[in-house]
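Have a look at the structure below, then the notes.
Chains as they are written, first to last, in the numbering used here: chain D, 1 to 306; chain Z, 1001 to 1216.
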């Protein structure tokens, strides 16, 4: 079964597509059959970064049943072993992918025969983004060391946590839960999964154990992008510490990517950054990240979608 | 979430073991403050101002209790009584002195391909082939390349450390005279190249290289 790595970050411009294309390029270079799927529904541009400026098929064709099998929407790229499902000509209403289509997509992704599948997700915390992120246990969070970006990545983490807890309850049970949280710890607390879970612990101990077990099996990762020289290199560790202590989620800090003007140049020239500037700091950081990540295995896919 | 922050014991709050020394307690407190302070980037937006204030108050309380020997003693006894920590855990083996400066602390070196100078020097002095090359009257680009290969340093590393353009480096190693910069620059490049490989004396060897080139 494929290793699926969803890449999400909350804020736009934090480097999700850049990371997806770079990791994809490195994996493909090391001989792994790799597929990139542009699930940034409604704002897709992964194709530009992997040298496929005019894709002739796209993800939307699968949703609208123009192409019945997801496998057939796969495009080749100029790089051997690297494949792409583009979102370039997605229908303009693709951002509001209905629930049944989403489940259909997830099932189809699970059936694809690739060694690695990288999902480039959109900004924000729409249900679609959250569910695609939860398609695998190996989600990657990416953020820049700026308050705006960190705020959004925390929001994304909380939203994902929340969404996962939500899976365990029926709608009415969950409403009751939210109400209790509000009574216990103030008005804004139903927004915080940590409050909900403490109530679950009291009221539904068996479910609490299940959820805990579920979250322990996740292997989330955090990557800090665009780290400038003056930035605090321990920031990633500190974020992971806070998440562990206050949300109880294990997120592994995988590394920093240095800020590099060359990335901008490469994107403007519409060439792969790693090929154009292979000896820059950012390129080194990416290679290091890739070697750190490729040995992270474990249970890949959430079986509830199969 | 395992426990509310307020329910953690002081050691858990500061992420230290019960046998921590005063110095360890202090540095743990400092790093905790860095995370939880109101201007901290790491916890930005994670806590409401009220929560943050509560956490800081708790941290302060934990710190001032643990840093005071008498209070620490009675707090430890209380924890032992409640069965939260073991009495053996508290008085673990006597620790050696803790250095104030962590010599081994590493800066973020990701992306920097540091060549280890001491290691290189040792290699240079031990390697028979390199000594042979260095004893020659004339040093050519191919010789430089041979030395570099003996030391196992990639040309990209030299490029990164010396900031010399990689096509110049290639030109030097291949003795490709058309590709070389003006002599005055070249001399400096050769010196930087040799210094990067920890080969001494760089001045003298680069002079031999230059004179060899001039004769050609």
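No residue lacks a Cβ here, since even glycine has one placed at the ideal position from N, Cα and C.
- The continuous stretches of alpha helix (DSSP H) do not include residue 122 (chain D), and DSSP gives it neither H nor E.
- Not a single CB atom of chain D sits nearer than 9 angstroms to the CB of residue 1063 (chain Z).
- If you check each beta-carbon in the segment 263-281 of chain D against every beta-carbon of chain Z, the ones closer than 9 angstroms belong to 278, 279, 280, 281.
- Nearest neighbour of residue 1010 (chain Z) by Cα position, chosen from Z:1058, Z:1203, Z:1023, turns out to be Z:1058.
- The alpha-carbon separation between residue 1127 (chain Z) and residue 1042 (chain Z) amounts to approximately 49 angstroms.
- The beta carbon of residue 1059 (chain Z) sits no closer than 9 angstroms to any beta carbon of chain D.
- Interface with chain D (9 angstroms Cβ-Cβ cutoff): residue 1156 (chain Z) is included.
- Assignment of residue 258 (chain D) by DSSP, reduced to helix, strand and coil, places it in the strand class.
- When D:253, D:31, D:174, D:124 are compared, the shortest CA-CA separation from residue 197 (chain D) is found for D:174.
- Burial is judged here by how many other beta carbons sit within 10 angstroms of a residue's own beta carbon; residue 290 (chain D) has at least 16 and is buried.
- Chain D places no beta carbon closer than 9 angstroms to that of residue 1126 (chain Z), leaving this residue out of the contacts.
- Counting the other Cβ atoms within 10 Å of the Cβ of residue 183 (chain D) gives fewer than 16, which makes it exposed.
- Counting C-beta pairs closer than 8 angstroms gives three or more between the segment 114-132 of chain D and the segment 159-166 of chain D, which meets the contact rule.
- As summarised for the segment 9-61 of chain D, the continuous alpha helix (DSSP H) elements at least 4 residues long and confined to that stretch are 16-29, 46-49, given in chain order.
- The beta carbon of residue 1044 (chain Z) sits closer than 9 angstroms to some beta carbon of chain D.
- Rounded to the nearest whole angstrom, the CA to CA distance from residue 1149 (chain Z) to residue 1021 (chain Z) is 49 angstroms.
- Within 8 angstroms of the CB of residue 1033 (chain Z), no CB atom of chain D is found; the nearest one sits about 11 angstroms away.
- Classified as exposed, residue 1184 (chain Z) has fewer than 16 neighbouring CB atoms from the shown chains inside 10 Å of its CB.
- Burial is judged here by how many other beta carbons sit within 10 angstroms of a residue's own beta carbon; residue 55 (chain D) has at least 16 and is buried.
- Any Cβ of chain D closer than 9 angstroms to the Cβ of residue 1166 (chain Z) would place that residue at the interface, and such an atom is present.
- Under a criterion of Cβ atoms nearer than 8 angstroms, the residues of chain D adjacent to residue 1005 (chain Z) are, in order, 245, 246.
- Rounded to whole angstroms, the gap between the alpha carbons of residue 1207 (chain Z) and residue 1181 (chain Z) is 16 angstroms.
- Residue 1077 (chain Z): member of the alpha helix (DSSP H) spanning 1069-1081, first to last residue.
- The C-alpha of residue 63 (chain D) is placed about 7 angstroms away from the C-alpha of residue 101 (chain D).
- Under the Cβ distance rule, residue 147 (chain D) counts among the residues neighbouring chain Z, one pair being separated by less than 9 angstroms.
- By DSSP's assignment, residue 116 (chain D) forms a beta bridge with D:3, D:34.
- In the DSSP assignment, residue 223 (chain D) is bridged to D:142, D:255.
- Below the 7 angstroms Cβ cutoff, chain Z contributes 1035 as neighbours of residue 241 (chain D), in chain order.
- With a 10 Å radius around the Cβ and a threshold of 16 neighbouring Cβ atoms, residue 268 (chain D) comes out exposed.
- A check of alpha carbon separations from residue 1142 (chain Z) across Z:1065, Z:1171, Z:1080 identifies Z:1171 as the nearest.
- Contact of residue 235 (chain D) with chain Z by beta-carbon distance below 9 angstroms involves 1041, 1042.
- If you draw a straight line from the Cα of residue 1213 (chain Z) to the Cα of residue 1159 (chain Z), it is about 22 angstroms long.
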